[in-house]
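Visitor: Below you'll find the structure I mean.
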Amino acid sequence: MKPVVGLIGIAVAGVAGYLLEPSVRPSLISVQQPAAPEEPRSEDPEPAAEPPPPAPQPPVEPPSAAPPAWVAALKPDQFPGKVTLKRSVEFSAPGAAQALVMEAGTQATPVRIEGNDLVVTLVPGGPIEGRVPVMETDLVALLGNQPPAVEPPAPEPPAPDPVEPPVAGGEPMEEPAEEPAPEPAASLDAEEIVKLMQDSIKAGSVSEFTFDQVLGWKAGEDEERDGVTYQTGLVAYKAETIFGVKTIQAQALIDGGKIVRWIWPKSGMEIK
30 MKPVVGLIGI AVAGVAGYLL EPSVRPSLIS VQQPAAPEEP RSEDPEPAAE PPPPAPQPPV
90 EPPSAAPPAW VAALKPDQFP GKVTLKRSVE FSAPGAAQAL VMEAGTQATP VRIEGNDLVV
150 TLVPGGPIEG RVPVMETDLV ALLGNQPPAV EPPAPEPPAP DPVEPPVAGG EPMEEPAEEP
210 APEPAASLDA EEIVKLMQDS IKAGSVSEFT FDQVLGWKAG EDEERDGVTY QTGLVAYKAE
270 TIFGVKTIQA QALIDGGKIV RWIWPKSGME IK
C-alpha cells in the first residue's frame, strides 16, 4: 500500500512542477545569477596646479614724437640759455665709471642737435654731456614753436665813385701831399719813469695795492709785448696772502710817455 501512495505523491509533484515552472522561472533565474560586481568608484581628481604668475615686465617708454623739420637747422647761437628736461637723462664724462642720472625738471644747457636728439650739458663748455629727444625738452616751446628769425646780412658799403682820368692837354693833376710820419715820443729816463709810476699809484690807477704798500720803485728794460715795444717800470709792494705777508712785483707798461696799463710781470695779466 505504501509504494502505491509514494508513486502517487511523485506523480502529483511532477504535475505540479510542470504546471508551476513558467511562473517561478524568473525567480529561480534571479537567484541563480550572481550579482554584477560593483565598479570601483574613481576618486575625485586632484585639482591642477595653478601656473606661476608671469614676471613683471619693465615699462616700455613710448617713442618720442619727431621734432619739427626746422629744428635740424638750428645753430648753437640760436639756442636758449637753458632748457628743462621732461624725462630723466644719463650724463657721462670721459673716464667716469658710472653715468650721472638727472631727473625730469632739471635745467641743462643745449649744445647741439644730432638727428632727433638734443645734446645737453650741465656745465657749459665742460665734458659732461647727455642726449635726450628734442621733444622731451621745452626747446621748441621756448622758441615759440617756430624757427628763430635770421638777421639779414649787413649791406655792403657802396663802391667809391670812379676817378676820372686827367684831360689831355689840361693842367697836370696834383698828387696829394704825404702826411709827415709822427715823430717817436722821447724816451723817459729812470727818474721820470719812477715819478710817472708814483703819480699813477697816487691817482688810484690800480686797486690791487696802494702807495703806502710800495717798498721800492725801479725803471726797467724795454720789452716787446703783442708786437709793441714799451718802456717799463717795476714796483715791489707787500701784500697779505693766504701764505702770509709776501713781497709782490707789479710792472708798468709805458708808451708815448704814459702808462698804458699795469700787469703782473710773469703772467702778463692786467692788474685792475
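The sequence shown begins at 30 in our numbering and counts up by one. Each residue gets a CB set at the ideal place from its N, CA and C atoms; glycine is no exception.
In the DSSP assignment, find the beta strand (DSSP E) that holds Asp228 and state where it starts and stops.
Guide: Counting from one through the sequence shown, the residue named residue 228 turns up at place 199. It is not in any beta strand (DSSP E) - Asp228 instead sits in the alpha helix (DSSP H) that spans Ala219 to Lys231.
Visitor: What residue does the alpha helix (DSSP H) around Ala170 start on, and which one ends it?
Guide: If you number the sequence shown from 1, residue 170 lands on position 141. Residues Leu168 to Leu171.
Visitor: Buried or exposed for Glu165, please, with buried defined as at least 16 other CB atoms from any protein chain shown within 10 angstroms of its CB.
Guide: Here residue 165 is taken as the residue at index 136 of the sequence shown, counted from 1. Per the 10 Å Cβ criterion, buried.
Visitor: Just confirm the distance between the C-beta atoms of Ala376 and Asn145, as a whole number of angstroms; I'd bet it's less than 8 Å.
Guide: Because the chain spans 30 through 301 in this model, residue 376 falls outside it and cannot be assessed.
Visitor: Let me confirm a value: Pro294 is counted as buried when at least 16 other C-beta atoms fall within 10 Å, else exposed. Which label applies?
Guide: One-based indexing of the sequence shown puts residue 294 at position 265. So Pro294 counts as exposed.
Visitor: What did DSSP end up calling Asp241 once you bin it into helix, strand or coil?
Guide: Counted from its first residue, the sequence shown places residue 241 at position 212. Here Asp241 sits in helix by DSSP.
Visitor: Can you give me the C-alpha to C-alpha distance between Asp218 and Glu207, rounded to a whole angstrom?
Guide: Reading the sequence shown from its first residue, position 189 is the one you call residue 218. Reading the sequence shown from its first residue, position 178 is the one you call residue 207. Those two C-alpha atoms are separated by around 33 Å.
Visitor: Look at the alpha carbon of Glu252 and the alpha carbon of Thr258, and state the distance between them as a whole number of angstroms.
Guide: The count along the sequence shown starts at 1 and reaches residue 252 at position 223. The count along the sequence shown starts at 1 and reaches residue 258 at position 229. Between Glu252 and Thr258, the C-alpha separation is close to 5 Å.
Visitor: Output yes or no for whether 8 Å exceeds the beta carbon distance between Ile230 and Ala248.
Guide: Locating residue 230 in the sequence shown gives position 201, where the first residue counts as 1. Locating residue 248 in the sequence shown gives position 219, where the first residue counts as 1. Not closer than 8 Å, so no.
Visitor: When the distance is taken between beta carbons, is Gly297 closer than 8 Å to Arg254?
Guide: Walking along the sequence shown from the start, residue 254 turns up at place 225. Walking along the sequence shown from the start, residue 297 turns up at place 268. Going by C-beta atoms, Arg254 is nearer than 8 Å to Gly297.
Visitor: From this set, Gly233, Glu269 and Thr270, which residue's C-alpha is nearest Lys301's C-alpha?
Guide: Here residue 301 corresponds to residue number 272 of the sequence shown, with the count starting at 1. Here the closest residue by C-alpha is Gly233.
Visitor: Among Phe238, Asp167, Ser216 and Pro187, which residue has its Cα nearest to the Cα of Thr270?
Guide: As a first step, residue 270 must be located in the sequence shown, where it is residue number 241. The option with the nearest alpha carbon to Thr270 is Phe238.
Visitor: Specify the secondary structure class of Val149 as computed by DSSP and reduced to three states.
Guide: Numbered from 1 along the sequence shown, position 120 holds the residue referred to as residue 149. Strand.
Visitor: Mark Thr261 as exposed unless 16 or more other C-beta atoms lie within 10 angstroms of its C-beta, in which case mark it buried.
Guide: Locating residue 261 in the sequence shown gives position 232, counting from the first residue. Thr261 comes out buried.
Visitor: Return the CA-CA distance between Glu143 and Ala101, expressed in angstroms with no decimal places.
Guide: Along the sequence shown, read from residue 1 onward, the residue named residue 143 stands at position 114. Along the sequence shown, read from residue 1 onward, the residue named residue 101 stands at position 72. Roughly 8 Å separates the two Cα atoms.
Visitor: What's the gap between the Cα of Leu147 and the Cα of Arg160?
Guide: To locate residue 147, count along the sequence shown from 1; it is residue 118. To locate residue 160, count along the sequence shown from 1; it is residue 131. In a straight line, the C-alpha of Leu147 is about 6 Å away from that of Arg160.
Visitor: In chain order, what residues of the same chain have a beta carbon less than 6 Å from the beta carbon of Glu158, not counting five sequence neighbours either side?
Guide: Within the sequence shown, the letter at position 129 stands for residue 158. Excluding positions up to five away in sequence, the list reads Val148 and Thr150.
Visitor: How should Ala137 be labelled, buried or exposed, when 16 other C-beta atoms within 10 angstroms of its C-beta is the threshold for buried?
Guide: Translated into positions along the sequence shown, residue 137 becomes position 108. Ala137 is buried by the Cβ-count criterion.
Visitor: Among Lys104, Ser236 and Asp284, which residue has its Cα nearest to the Cα of Ala268?
Guide: In the sequence shown, the residue the question calls residue 268 occupies position 239. Of the candidates Lys104, Ser236 and Asp284, the one whose C-alpha sits nearest the C-alpha of Ala268 is Ser236.
Visitor: State the DSSP-derived secondary structure class of Gln61, mapped to helix, strand or coil.
Guide: Along the sequence shown, one-based indexing puts residue 61 at 32. Confidence is the limiting factor: at Gln61 the pLDDT is only 49, short of 50, which leaves the residue's position unreliable, though a coordinate-based value still follows. DSSP places Gln61 in helix when its eight states are reduced to three.
Visitor: Using a 10 Å radius around the Cβ and a threshold of 16 neighbouring Cβ atoms, would you call Phe272 buried or exposed?
Guide: Locating residue 272 in the sequence shown gives position 243, where the first residue counts as 1. Exposed, because fewer than 16 other Cβ atoms sit within 10 Å of the Cβ of Phe272.
Visitor: Roughly how many angstroms lie between the CA atoms of Glu119 and Ala281, to the nearest whole one?
Guide: Stepping through the sequence shown from its first residue, residue 119 is reached at position 90. Stepping through the sequence shown from its first residue, residue 281 is reached at position 252. Cα-Cα distance, rounded: 51 Å.
Visitor: Is the beta carbon of Arg141 closer than 8 Å to that of Pro176?
Guide: Taking the sequence shown and counting its residues from 1, one reaches residue 176 at position 147. Taking the sequence shown and counting its residues from 1, one reaches residue 141 at position 112. In this structure, Arg141 does not lie closer than 8 Å to Pro176 by Cβ.
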